[in-house]
Amino acid sequence: MKTRMNAFAVAPDAVNLMMDFSKKVEALGLEPSLRELVKIRSSQLNGCAFCIHMHTRDARAHGETEERIYLLDGWRESPLYTERERAALGWTEALTLISQTHAPDEDYAALKPHFTEEEIVKLTLMIGVINSWNRFAIGFRSIHPVTARSDAA
Numbered sequence: 001m002k003t004r005m006n007a008f009a010v011a012p013d014a015v016n017l018m019m020d021f022s023k024k025v026e027a028l029g030l031e032p033s034l035r036e037l038v039k040i041r042s043s044q045l046n047g048c049a050f051c052i053h054m055h056t057r058d059a060r061a062h063g064e065t066e067e068r069i070y071l072l073d074g075w076r077e078s079p080l081y082t083e084r085e086r087a088a089l090g091w092t093e094a095l096t097l098i099s100q101t102h103a104p105d106e107d108y109a110a111l112k113p114h115f116t117e118e119e120i121v122k123l124t125l126m127i128g129v130i131n132s133w134n135r136f137a138i139g140f141r142s143i144h145p146v147t148a149r150s151d152a153a
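Quick note on the UniProt record's numbering: the sequence shown kicks off at 1 and runs consecutively.
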């Protein structure tokens with residue numbers, strides 16, 4: 001895979017707008033562990049290796065366990081996630097795959113016992129931001145840092 005362009009170098013003002021927006025959404029108050037799980041899950045669904053690499057690293061830095069990171073793709077079958085996390089992950093999947101799911105009422109209803117309406121807005125913004133970053137990274141073929149390569153690479 002070859003990078004198509006470095007959007008940061010080509011249009012720094014435009015990318016800085018997105019960076020500033022991302023930082024403001026981050027500062028809205030949802031817990032770091034939840035934010036990183038949502039970012040990883042959305043990136044998994046979108047197939048964004050760059051963002052999966054970044055957010056698994058960030059999750060570890062916030063104290064997330066390897067086991068929970070590894071099992072995130074199978075969160076529905078694992079007891080390792082809280083009900084709040086499950087509701088957020090369900091909403092993440094519904095919005096990330098919106099053309100298929102159309103944001104079902106049951107996924108929205110699952111949020112209500114665990115999130116205030118204000119937190120639902122914040123969570124939805126965060127899901128939108130990571131989906132935008134996934135499209136940036138995938139569209140421009142951003143390559144995550146490589147620390148070790150196999151002969152197959």
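Where a beta carbon is used, it is the ideal one built from N, C-alpha and C, also for glycine.
Buried/exposed call for residue i, threshold 16 Cβ in 10 Å
i	result
ASN46	buried
HIS62	exposed
ALA14	exposed
LEU17	exposed
THR96	buried
GLU31	exposed
MET126	buried
Secondary structure of residue i, DSSP reduced to three states
i	result
MET19	helix
THR116	coil
THR147	coil
LEU123	helix
LYS2	coil
GLY29	coil
ARG141	coil
ALA11	coil
CYS48	coil
Residue of the options minimising C-alpha distance to residue i
i	options	result
TRP91	ALA9, PRO104, PRO79 and LEU80	PRO104
HIS144	ASN131, LEU71, HIS55 and ILE120	HIS55
VAL10	VAL146, PHE140 and THR101	PHE140
GLU26	GLU119, PHE136 and ILE138	GLU119
ARG84	GLU66, LEU28, THR96 and TYR108	TYR108
Contiguous beta strand (DSSP E) assignments of at least 3 residues, all confined to the segment 59 to 113: Within the segment 59 to 113, no complete beta strand (DSSP E) segment of 3 residues or longer occurs.
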